[in-house]
Structures are given as C-alpha cells and as structure tokens.
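J.: In our numbering, the protein residues as written are 112 to 216.
Even glycine gets a Cβ: it sits at the ideal position worked out from N, Cα and C.
#1: In whole angstroms, give me the CA-to-CA distance for residue 116 and residue 199.
#2: Using the rule of at least 16 other Cβ atoms within 10 Å of the residue's Cβ for burial, across every protein chain shown, is residue 203 buried or exposed?
#3: State the DSSP-derived secondary structure class of residue 114, mapped to helix, strand or coil.
#4: Does residue 57 come out as helix, strand or coil in the three-state DSSP assignment?
#5: Would you tell me roughly how many angstroms separate the C-alpha atoms of residue 134 and residue 150, rounded to the nearest one?
#6: Which whole-angstrom value is the C-beta distance of residue 155 and residue 145, which I expect to be below 8 angstroms?
#7: Just mark residue 130 as buried or exposed, buried being the case when its beta carbon has 16 or more other beta carbons within 10 Å.
Below, the structure written as structure tokens:
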C-alpha cells in the first residue's frame, strides 16, 4: 500500500513539473492564457499529491498506535476496573481530568 501511495505522489508531482516547465518553455510562445492556466493547474497539484501520499488505506493499521491502547472518546466507558482505571497512571490522570474528577492546579 505504501508503494502505491508513493508512486501516485511522484506521478502527480511529475505532472506538476511537466505542466509548469512546458508552460513557460514553449506554450507561452503559442498562448499566454494557456500557459497561465497550466500554471494554475500545476499550482493545485502539490496539495492534492500530499493528501494522496499521506492518506491511510483500509488495510493500514492506523488504529494500532505504538506504545498504548486505543482510548475511548470522552463520555464512553473506560476500560479497566475500579472506576475505569487503565493501569497507566498518566492515562488515568488524563481521563480523571477530562471526567472532572480532579482539577489541574
């Protein structure tokens, strides 16, 4: 999956470069509005390429964060016993603060 995203990114960036260089190398001699239009299209491609290159696919394990468990959103029951303790003091303190059990300060 990573290879496909990477290839798509480089193809899009290659198209961007071809549009930009060809617009000012020889298209401008034929038509200045066409060259400007090509540059506008080339300007839109890099953000799209970044989104394509960084998107996560259905088979990517984005939920499997290294170093911890998935934490439920506020309002959802927390895992563990004893009122929702997870066993991780930092995580428990964070959840207690969100739940209003302890205040900062």
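T.: Quick answer:
#1: 36 angstroms
#2: buried
#3: helix
#4: The requested residue 57 does not occur in the structure, where the chain is confined to residues 112 to 216.
#5: 7 angstroms
#6: With a Cβ gap of about 16 angstroms, residue 155 and residue 145 do not count as contacting.
#7: buried
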